[in-house]
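Peer 1: Could you have a look at this structure, given as C-alpha cells, before my questions?
Numbering (my numbering), first residue to last: 188 to 453.
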C-alpha cells in the first residue's frame, strides 16, 4: 500500500525500508524507534527445541538442521552477523529455512518442525508458556541472545511528497508517537496487559482465543521500555545496505543523506 501511494507512511524494519526505496518508491526515513527488553527477558534470540539436543551455536552450525528466519529481514541480517562471528563461521554455509510470515515461522518452530529459529518477543515467551492439548510447554535452548550486537530499531517512513507538502502532519505523527511512548512507559504493567491483551494477541497470534490464555502466560508476557525517537545512525544504515548488496537483494540503494530527514525529531 505504501509503494502504490495508498499509505502516507508506516513503521518498518530497516531492511524493508531499504528494499522499498531501492525499488523506486520515493520515501523519507524520519526517525527510528527502539526499546529495551524487560529485565530478565530477551528482545531476540536464536533458539532450538530441547528435543533436538543442540546445546550451542557451534553444534548447530556443524549439524544439518535448518535455521528458520524471516527472509530479507533485519532478523536475517542479525543472524548472518552471528554466524559469521562464530568460530569458523565465515567458512561455513548455514542452512536457512526462509519464511515470509513470523506467525507461520513461530508455529512451525513451536510444533518442532524446525531445529532452530530466530524469534523475537512476544513469540518467545508465548511458546515457552503455551500448553498444547495433552502436552507441556516447549523447552527451548537459547543458542544466542544477540547480546553482543545492537538490535536494529524500527524506522518511520513517509512518502517524500507528504514530507514536502504536509510537514505539519508528519510533525503531528511524531508528537503522537512520543506521547504514546511516554504513556506506555508510565503505565503499570498489569494495566498494560489488561487493556492491551486483545490488541496484542490479535496482532501476533490471530487465531488465539484470549479467554483461554492462562495467568502463567500473562505473567510471562514481557513489556519492554520504549526509548525516545531518534535518528538512525549512518553506520547502521550502511551496514544493512552493504549486507543486502552482498546477498543480491538490491542493486542501487539510496545514499544515507538522500534517504533520511530528521527535522521532525524533538
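Ideal Cβ placement from N, Cα and C applies to all residues, glycine included.
Quick caveat, the model's predicted, so the values are computed rather than measured.
If you drop the 5 nearest sequence neighbours on each side, which residues of the same chain put their C-beta closer than 8 Å to that of residue 400?
Peer 2: Contacts found: 384 and 388.
Peer 1: Leaving out the 5 sequence neighbours to the left and right, which residues in its chain are closer than 8 Å to residue 213 when beta-carbon positions are compared?
Peer 2: Excluding positions up to five away in sequence, the list reads 346, 347 and 348.
Peer 1: Excluding the 5 residues flanking residue 266 on each side, which residues of the same chain have their C-beta closer than 6 Å to its C-beta?
Peer 2: The residues are 256 and 305.
Peer 1: Do three or more CB pairs link the region 324-335 to the region 227-240 at distances below 8 Å?
Peer 2: With the cut-off at 8 Å, the region 324-335 and the region 227-240 touch.
Peer 1: Return the chain-ordered list of same chain residues with a C-beta closer than 6 Å to the C-beta of residue 215, the five sequence neighbours on each side being excluded.
Peer 2: Closer than 6 Å at the Cβ level, and outside the excluded window around residue 215, lie 345, 347, 350 and 448.
Peer 1: Report the partner residues of residue 283 according to the DSSP bridge assignment.
Peer 2: DSSP output for residue 283 lists 254 as bridge partner(s).
Peer 1: Using CA coordinates, which residue listed in 315, 287 and 410 is at the minimum distance from residue 299?
Peer 2: Residue 299 has its Cα closest to that of 315, out of 315, 287 and 410.
Peer 1: I need the straight-line Cα distance from residue 427 to residue 321, nearest angstrom please.
Peer 2: For residue 427 and residue 321, the distance between alpha carbons rounds to 44 Å.
Peer 1: I'd like the span of the alpha helix (DSSP H) that includes residue 360, first residue to last.
Peer 2: Residue 360 -> alpha helix (DSSP H) spans 354-373.
Peer 1: On the premise that residue 340 lies in contact with residue 205, defined as a C-beta separation below 8 Å, what is that separation, rounded to the nearest angstrom?
Peer 2: That belief does not hold up - the Cβ atoms of residue 205 and residue 340 are roughly 14 Å apart, past 8 Å.
Peer 1: According to DSSP, is residue 294 helix, strand or coil?
Peer 2: In the structure shown, residue 294 sits in a helix (DSSP, three-state: H, G or I).
Peer 1: Of the choices 199, 451 and 192, whose alpha-carbon is the least far from that of residue 354?
Peer 2: Cα-wise, what sits closest to residue 354 is 451.
Peer 1: For residue 309, I'd like the list of residues in its chain whose CB is within less than 8 Å of its CB, leaving aside the five on either flank, ordered along the chain.
Peer 2: So the qualifying residues of the chain are 387, 391, 408 and 409.
Peer 1: Could you tell me which residues DSSP pairs with residue 334 in its beta bridges?
Peer 2: Looking at the DSSP assignment, residue 334 forms no beta bridge with any residue, so it has no partner.
Peer 1: Going by C-alpha distance, which of 431, 442, 446 and 441 is nearest residue 263?
Peer 2: Per the Cα distances, 431.
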